[in-house]
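Novice:
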Amino acid sequence: VAMSTISDPYQPIERELKLTRRTLEMMNKRNKLSILTKSPLVMRDTDLFKLFNEIEVGLTINSFEGKEKQLIEPFTPSQKLRIDALKNLKEEGVKNYAFVSPIIPGITDLEGIIRETRDIVDYYFFEMLNLKAAGQKFQELLRENFPESYEVMNNDDKFWRFIREVMALIKRLNIRVEGIEVHRRGWKLMEVK
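Residue 193 is where the sequence shown ends in the UniProt record's numbering, and the numbering goes up by one at each step.
1) Based on Cα-Cα distance, which residue from Tyr123, Thr108, Ile120 lies nearest to Leu129?
2) Does the beta-carbon of Ser78 have 16 or more other beta-carbons within 10 angstroms, so that it is buried, or is it exposed?
3) Start and end of the alpha helix (DSSP H) containing residue 196?
4) In angstroms, rounded to a whole number, what distance separates the CA positions of Glu111 and Lys80?
5) Leaving aside the five residues before and after Trp187 along the sequence, list all residues of the same chain whose C-beta is less than 6 Å from its C-beta, in chain order.
6) Alpha carbon to alpha carbon, how far is Trp160 from Glu144? Give it in angstroms, no decimals.
7) Sort out for me which residues DSSP pairs Asn96 with in a bridge.
8) If contacts are defined as beta-carbon pairs under 8 Å, then residue 194 and Pro105 qualify, I think. What distance do you get, rounded to the angstrom?
9) Verify whether the separation of the beta carbon atoms of Glu51 and Lys18 is less than 8 Å.
10) Where does Ser98 land, buried or exposed, given buried means 16+ other C-beta within 10 angstroms?
11) The beta strand (DSSP E) that contains Lys32, what's its start and end?
12) Between Ile72 and Leu173, what straight-line distance do the alpha-carbon atoms span, to the nearest angstrom?
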């Protein structure tokens, strides 16, 4: 069971409504469960996570701070709070992972993310920005505020050069990666060898 790949199960209203918590309480604990969130509120349910036979909890990390965060993810918890949640999950014995997304060339500090989290996560999953799905408004925002990033995302040669650099970084830092989603002419999952 995956909670949640499109929307976040730990929206701010969850603090009050506890719908995710009640769902977890009612679930069959023998089911394999994977949770993905941007919220440190996930820590509230650690007691329930420990009841599952097989569970993993991921937090989306992308290194957006300052101007980038204000423009791209203005209402999300800070990276520090997300990384603290990953650390706490690890300390509680809950399998965890960093979902590094969206990766935007020139904005996302992959090496910084890895260095800051490598000792507190079980593995990584990477996802490039899906520029087409992001929509016209976001594309304009990227072009106006981050023209170099926009150029890499829209130029096949530069894009694939960037992907090769990402793969080289992963190999150099010797981390466990389950895959890289590359949204180029459709969806593509790249394996890291």
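Think of the CB as a built atom: it goes at the ideal place given N, C-alpha and C, for glycine as much as any other residue.
Specialist: On the basis of the data shown:
1) Distances from the CA of Leu129 to each of Tyr123, Thr108, Ile120 were compared; the closest alpha carbon is that of Thr108.
2) exposed
3) What the structure shows of the chain is the stretch from 1 to 193, and residue 196 is not part of that stretch, so it cannot be assessed.
4) Cα to Cα, Glu111 sits roughly 16 Å from Lys80.
5) For Trp187, the predicted model reports a pLDDT of 49, less than 50, meaning its position is unreliable; a value from the coordinates is still stated below. No residues qualify anywhere along the chain.
6) 23 Å
7) Val57
8) Examination of residue 194 is not possible in this model, given that the chain is present from 1 through 193 alone.
9) Residue identity check: residue 51 is Leu in the sequence provided, not Glu. No, these two residues do not count as a Cβ contact at 8 Å.
10) Per the sequence presented here, residue 98 reads as Ala, with Ser not at that position. When all chains shown are included, Ala98 counts as buried.
11) 32 to 37
12) Between Ile72 and Leu173, the C-alpha separation is close to 27 Å.
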